[in-house]
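Report on the following structure.
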Amino acid sequence: MTTVAETGNTRSSAAQAHPAASAAAASFAALVGKLDYLSPAEIESVRQAYRFADEAHLGQLRKNGDPYITHPIAVAAQCAEWKLDAQALMAALMHDAIEDCGVTKEELVQRFGAPVADLVDGLTKLERLEFDTREQNQAESFRKMLLAMAKDVRVILIKLADRTHNMRTMGDMPRSKWQRISSETLEIYAPIAHRLGLNFTYRELQDLAFRFLHPWRYEVLSKALNKSRTRRHDLIARVQREVETAFARQGMGVRILGREKTLNSVYRKMDSKHLSFSQVTDIYGFRIIVPELTDCYTGMGILHQLYKPVPGKFRDYVAIPKVNGYQSLHTTLIGPFGTNIEFQLRTHAMDVVAESGVAAHWLYKASEPGSDTSQRLGTQWLQSLLDIQQETHDAGEFWDHVKIDLFPDAVYVFTPKSKILALPRGATVMDFAYAIHSGVGNRAVAARINGEQRPLRTELANGDVVEIVTGDAAEPNPAWLSFVKTGRARSKIRHHLKTLAQEKANELGERMLTQALRSEGIATLPDEEGDYKSTWEKLLRFSGNKSRHELMTDIGMGKRIASMVGKKLAVLLSETGLKPDALLISTERYASGQDESVSQGVVSLDGSEGLSVQYAPCCQPIPGDRIVGYLGRGEGLVVHAEDCPTGKRLLLRDSERFLQVEWADEPVRPFDTTVVVTVANGKGVLARVASAIASAEADITHVDMGDEPAQTATDIRFSVSVRDRQHLADVLRSLKRTTSVIKAQRFKP
131 MTTVAETGNT RSSAAQAHPA ASAAAASFAA LVGKLDYLSP AEIESVRQAY RFADEAHLGQ
191 LRKNGDPYIT HPIAVAAQCA EWKLDAQALM AALMHDAIED CGVTKEELVQ RFGAPVADLV
251 DGLTKLERLE FDTREQNQAE SFRKMLLAMA KDVRVILIKL ADRTHNMRTM GDMPRSKWQR
311 ISSETLEIYA PIAHRLGLNF TYRELQDLAF RFLHPWRYEV LSKALNKSRT RRHDLIARVQ
371 REVETAFARQ GMGVRILGRE KTLNSVYRKM DSKHLSFSQV TDIYGFRIIV PELTDCYTGM
431 GILHQLYKPV PGKFRDYVAI PKVNGYQSLH TTLIGPFGTN IEFQLRTHAM DVVAESGVAA
491 HWLYKASEPG SDTSQRLGTQ WLQSLLDIQQ ETHDAGEFWD HVKIDLFPDA VYVFTPKSKI
551 LALPRGATVM DFAYAIHSGV GNRAVAARIN GEQRPLRTEL ANGDVVEIVT GDAAEPNPAW
611 LSFVKTGRAR SKIRHHLKTL AQEKANELGE RMLTQALRSE GIATLPDEEG DYKSTWEKLL
671 RFSGNKSRHE LMTDIGMGKR IASMVGKKLA VLLSETGLKP DALLISTERY ASGQDESVSQ
731 GVVSLDGSEG LSVQYAPCCQ PIPGDRIVGY LGRGEGLVVH AEDCPTGKRL LLRDSERFLQ
791 VEWADEPVRP FDTTVVVTVA NGKGVLARVA SAIASAEADI THVDMGDEPA QTATDIRFSV
851 SVRDRQHLAD VLRSLKRTTS VIKAQRFKP
């Protein structure tokens, strides 16, 4: 049995030494000493990359005056600790060559091969001149790096090594940069390290960021922790002796490691729970490395016989690993003098994975050839980045989705077939549905959790068994975006809605341009191919669109005026010899009630138009109302009631964007409208009013009684779904006949 004392701040304290003192140690000779796991030919390749980088950075200095090459060497040294291959070490040495030295990717391909060049390119920021804002540039650069990382995880390992060395030497940077770089580290790089299971790097980045974000708090806590370490030395020594004795008595050979909370985690606990330093009782803990997996559970029994466990503080991450592959048993015990002490039990293999995450793959390859225990770590999340990218082409939106997925905590839920899924804490039924398959999410209509019917917005808890009910005709609802938590679900919903909106807008655009062309005396849109191919090419040049589909979508979304495009198309067609039909012109203008002024034809609405047509929430038009259509810029067709004040204001300001619309003879769905019912307050009034609405065959979609206390006469506002004005009149008559109803009327703005 061996005992090792270990603290969480080993590297942080080393990082506090002045970097100038380490310049000589960071020479290439020191790096070569760490490359004993590579072949002589691979070491020579790394040496060639070093010479190239040294020459490229010649004359460049770090902020502390050291030659710049000391930084790439330090990054490569960290990668060597992870036992990364020669290509990754070469890329680490040259990671700033393209960005800072004017070296091209083609030059790297010729000298070192495409794989190394791709790694370096994945680490290179985009040129800032291409973008309007720093945020836009940052989002694009992160997207580039993350997508390169999704294809080759070595990209992010080199980037994390680069960021770690920059944070260790942050003291040499101007103080004006501390806040921005440390915040970025805390919000982005540390969570990525955690997501990939690089816990040692995760803790170090958090501590270094805390040190430079809050220097005074860091110093105060550091002194308090040092004093506490001295005071509690006897307690820790006693616990260690007793644990060693207990395991020795059972004949189990284990390694016991002392573990100390990092300063950042102590500070976060104090801040979130409003505690003083003396009230944080679990600063110290122990990690016990056991020979075999079953020994984890045997060891847990030994500990629970030695000290009493704290109820609710046992966690089994061996049977159910964390998302990043972490495995360990956690328990908190009440030690001597009533002090809470956390213990972790794991095997050596689990310990390597717990500290090194995806990097454990290379560590294992070096120490245990043939072991692929950790090769799959992080691949699920990395693959999800590619999925999100396929749905999202906007860099800012992509980065928002990724940040949502950088959750440190997870809940573990089951499918009906007992497959386990890990989701971020706070994830809902819809996140679960999209985690299974986008087709399941898109068609979800209901869910059962542990056999009970539950809403789609229900948050999931550990151990829930979730079953999704789908419908063939179901489609994603924009309201889902308000409660989903994962980037995958959010990007899939947005992509589907965007695609659906474009399809509907395309259909609407075709109808509107056809109507506009009829007003010019031409009955149908000409074919895109054949005799009229050149006509369409001229029209697209006129409108600035790349294709007919894009033009129709723009018309449907209100970005182009159908009448203007129709007039131009009629002129182009007349040049080919196609003459307008005078009778058709007269018929169309008579039907639309217009003279020679601009006409866009009449668009018929039946409620099946989807996202390309919106029914204005300000006036909530229903079939039977006189209506007008407003082509909002980029938002499709918005339908207002003719007497709507908002619609009238838009008409005065933007009359050319209005077109005639009318209700179809048979609308295919009900429409929402608002009814205000004034009642004499009393027992059972709400039930009677709801019953009256139901008896008129109308559905209640929302009830609002306001925030004021109930009075003798109270207004209740109902949102109801009705077929048309006649149906609404039936609802109002039913309400007025109801006892306790003083007045019932449709709400109008």
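If you want the numbering used here, it's the position in the sequence shown, counting the first as 1, plus 130.
We put the beta carbon where it would ideally sit given N, CA and C, even for glycine.
Which residues does DSSP list as the beta-bridge partners of residue i?
i      : result
Trp346 : DSSP output for Trp346 lists no bridge partner at all.
Gln474 : Arg417 and His460
Val735 : Note that residue 735 is Leu in the sequence shown here, rather than Val. Leu735 is bridged to Trp793.
Pro304 : DSSP output for Pro304 lists no bridge partner at all.
Tyr542 : Ala552
Ala563 : Answer is none; Ala563 lacks a bridge partner.
His625 : None; His625 has no bridge partner.
Ala576 : Val599
Gly759 : Val769 and Leu789
Thr558 : Glu589
Asp829 : Ser851
Gln632 : DSSP lists no partner for Gln632.
Arg584 : Ala577
Leu249 : According to DSSP, which records beta bridges pairwise, Leu249 is partnered with nothing at all.
Select from the options the residue whose C-alpha is nearest the C-alpha of residue i.
i      : options                           : result
Tyr180 : Tyr167, Asp166 and Val205         : Val205
Lys213 : Lys164, Ala186, Ala221 and Leu223 : Lys164
Val541 : Lys547, Leu553 and Ser704         : Leu553
Asp829 : Asp802, Lys622, His626 and Asn811 : Asp802
Met297 : Arg341, Gln744 and Leu326         : Arg341
Pro118 : Ile418, Val448, Glu472 and Ser312 : A query on residue 118 cannot be resolved here, the shown segment of the chain reaching from 131 to 879 and no further.
Pro753 : Asp795, Pro656 and Leu551         : Asp795
Ile579 : Ser664, Asn572 and Val599         : Val599
Arg690 : Thr558, Leu702, Asn675 and Glu658 : Asn675
Tyr319 : Thr234, Leu290 and Asp337         : Leu290
Glu582 : Val176, Val559, Arg787 and Ala565 : Val559
Pro747 : Arg361, Asp837 and Thr804         : Thr804
Exposed or buried, what is residue i when buried is set at 16 or more other beta-carbons lying within 10 Å of its beta-carbon?
i      : result
Lys873 : exposed
His751 : It should be noted that the sequence gives Pro, not His, for residue 751. Pro751 comes out buried.
Leu865 : buried
Val871 : buried
Gly189 : exposed
Asp230 : exposed
Ser729 : Residue confidence for Ser729 is low, a pLDDT of 42 falling below 50, so the modelled location carries little weight; the figure read from the coordinates is stated next. Counting Cβ neighbours within 10 Å, Ser729 comes out buried, since at least 16 surround it.
Ala323 : buried
Gln875 : exposed
Arg417 : buried
Ile550 : exposed
Hey, quick one: how far does the beta strand (DSSP E) through residue i stretch, first residue to last?
i      : result
Tyr745 : Val743 to Tyr745
Ala810 : Phe801 to Ala810
Gly388 : Arg385 to Glu390
Ile318 : Element bounds for Ile318: n/a, residue is neither H nor E.
Val871 : Val871 to Arg876
In the DSSP assignment, the alpha helix (DSSP H) including residue i goes from what residue to what residue?
i      : result
His902 : No information on residue 902 is available, as it lies outside the stretch 131 to 879 that the chain covers here.
Leu287 : Arg284 to Arg298
Asp845 : It is not in any alpha helix (DSSP H) - Asp845 instead sits in the beta strand (DSSP E) that spans Ala843 to Val852.
Glu229 : Ala227 to Cys231
Arg398 : Leu393 to Lys403
Gln409 : Segment: none, Gln409 is in no alpha helix (DSSP H) and carries neither H nor E.
Gln208 : Thr200 to Glu211
Lys235 : Lys235 to Phe242
Arg671 : Lys663 to Ser673
Val369 : His363 to Arg379
Glu705 : Ala692 to Glu705
Ala449 : Looking at the DSSP string, Ala449 is not in any alpha helix (DSSP H), and its letter there is neither H nor E.
Tell me whether residue i, by its Cβ, gets closer than 7 Å to a heavy atom of the ligand FAD.
i      : result
Leu780 : With respect to small molecules bound, the structure shown includes none, and the ligand FAD cannot be examined in it.
Query raised in the report: Per the contact definition of three or more C-beta pairs closer than 8 Å, is the stretch 364–381 in contact with the stretch 422–433?
Result: yes
Query raised in the report: For the 8 Å Cβ check, are there 3 or more pairs between the stretch 333–341 and the stretch 448–466?
Result: no
Report task. Determine, using beta-carbon pairs with one atom in the stretch 627–638 and one in the stretch 673–689, whether at least three such pairs fall under 8 Å. Result -> yes
Query raised in the report: At a cut of 8 Å, does the stretch 413–426 reach the stretch 468–488 through at least three beta carbon pairs?
Result: yes
Requested in this report: Answer yes if the stretch 849–861 comes into contact with the stretch 807–819, meaning at least three C-beta pairs across the two stretches below 8 Å, and no otherwise.
Outcome: no
Query raised in the report: Counting pairs of beta carbons, one from the stretch 593–612 and one from the stretch 640–653, are three or more of them closer than 8 Å?
Result: no
Report task. For the stretch 396–413 and the stretch 339–358, state whether three or more C-beta atom pairs, one from each stretch, are separated by less than 8 Å. Result -> yes
Query raised in the report: So does the stretch 567–577 actually touch the stretch 601–609, counting three or more Cβ pairs closer than 8 Å?
Result: yes
Query raised in the report: Okay, do the stretch 215–227 and the stretch 244–251 touch, 3+ Cβ pairs below 8 Å being the bar?
Result: yes
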